[in-house]
Amino acid sequence: MERLLSRPDAGREPPDALQARILDAALAEFEEHGLRRVSMEDVARRARVARTTIYRRFGTKEQLVQAVILRECRRFLSGIAAATEGLSAEEALVEGFVAGLREARSNPLLARVAVSEPEAFLPQLSMNGGAVMLAARDILVERLGRDRPGADLDGVCEVLLRVALSLLLVPGGGLAVHDDDSARAFARRHLLRLLPPPG
Numbered sequence: 001m002e003r004l005l006s007r008p009d010a011g012r013e014p015p016d017a018l019q020a021r022i023l024d025a026a027l028a029e030f031e032e033h034g035l036r037r038v039s040m041e042d043v044a045r046r047a048r049v050a051r052t053t054i055y056r057r058f059g060t061k062e063q064l065v066q067a068v069i070l071r072e073c074r075r076f077l078s079g080i081a082a083a084t085e086g087l088s089a090e091e092a093l094v095e096g097f098v099a100g101l102r103e104a105r106s107n108p109l110l111a112r113v114a115v116s117e118p119e120a121f122l123p124q125l126s127m128n129g130g131a132v133m134l135a136a137r138d139i140l141v142e143r144l145g146r147d148r149p150g151a152d153l154d155g156v157c158e159v160l161l162r163v164a165l166s167l168l169l170v171p172g173g174g175l176a177v178h179d180d181d182s183a184r185a186f187a188r189r190h191l192l193r194l195l196p197p198p199g
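Numbering of the sequence shown is given in the UniProt record's numbering, commencing with residue 1 and proceeding in unit increments.
Next comes the structure, spelled out in structure tokens:
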């Protein structure tokens with residue numbers, strides 16, 4: 001599981017204390033002001049480091065933004081993995097969907113950018129060949145595949161992620177998925193049928 005969580009940064013050294021401080025500062029700035037309005041100078045000021053230190057570590061603001069999003073994604077996916085531990089594939093799909101929507105809606109960064117600047121957030125999901133989406137898909141494939149050995153779950157899991165993402169970024173419409181109970185009912189009615197039968 002840890003290998004899958006680290007996939008977007010495969011080959012990199014674990015972040016040291018300074019890198020973590022920079023990422024914490026960037027996250028706080030993005031949550032407060034959004035992705036577009038924050039400058040490297042803002043992050044440097046909050047992290048109490050020179051701007052050149054951030055450039056040496058991350059190269060560009062886009063790379064810093066992606067590093068923050070990838071770290072948040074790891075935390076998010078770890079929470080879903082914990083919420084579905086010990087469940088069957090069917091229950092893991094349903095409860096993972098419910099937990100994912102709940103955690104995403106309560107995440108300050110996603111809540112901030114989904115409302116104010118989704119056009120700035122969406123491109124981050126497709127950078128580096130869609131690293132965030134692929135990492136999340138692989139987590140789901142590994143989890144749901146435990147009692148579906150050999151099943152081709154890549155497409156199924158990507159569809160699940162794209163459905164969840166669209167519900168988050170384009171709320172409303174005819175699909176009432178606004179709390180845990182409605183999300184659970186939606187998953188049971190519409191998403192379980194995507195799972196191939198065991199064996």
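Glycine included, each C-beta is placed from N, C-alpha and C at the ideal position.
Please read these numbers as outputs of a predicted model, since none were measured by experiment.
Item: Using DSSP with H/G/I as helix, E/B as strand and the rest coil, what is L191?; Value: helix
Item: Measuring straight from C-alpha to C-alpha, what distance separates L4 and G150?; Value: Because L4 sits at a pLDDT of 34, beneath the cut-off of 50, its placement in the model cannot be relied upon, and the point is left open.
Item: Determine, using beta-carbon pairs with one atom in the stretch 86 to 103 and one in the stretch 180 to 187, whether at least three such pairs fall under 8 Å.; Value: yes
Item: Please name the residue in E85, L23, P171 whose C-alpha comes closest to that of R143.; Value: E85
Item: Can N107 and E158 be called in contact, C-beta distance under 8 Å?; Value: no
Item: Just mark V113 as buried or exposed, buried being the case when its beta carbon has 16 or more other beta carbons within 10 Å.; Value: buried
Item: One question on the structure: do L169 and L175 come within less than 8 Å of each other, judged by their Cβ atoms?; Value: no
Item: Quick check on the DSSP output: the alpha helix (DSSP H) that includes D180 runs from which residue to which?; Value: 180 to 186
Item: Can you find the residues in the same chain that come closer than 7 Å, C-beta to C-beta, to A67, ignoring five residues on each side of it along the sequence?; Value: L23, F58
Item: Under 8 Å, do V43 and A17 count as touching if we go by C-beta distance?; Value: no
Item: Within its chain, find whatever has a CB closer than 6 Å to the CB of G41; leave out the 5 residues flanking it on each side and keep chain order.; Value: Going by the sequence as given, residue 41 is Glu instead of Gly. Excluding positions up to five away in sequence, the list reads R51.
Item: Which whole-angstrom value describes the C-beta separation of L109 and L27, a residue pair presumed to lie in contact below a C-beta threshold of 8 Å?; Value: 6 Å
Item: Just to confirm, are R137 and D154 a CB contact at a threshold of 8 Å?; Value: yes
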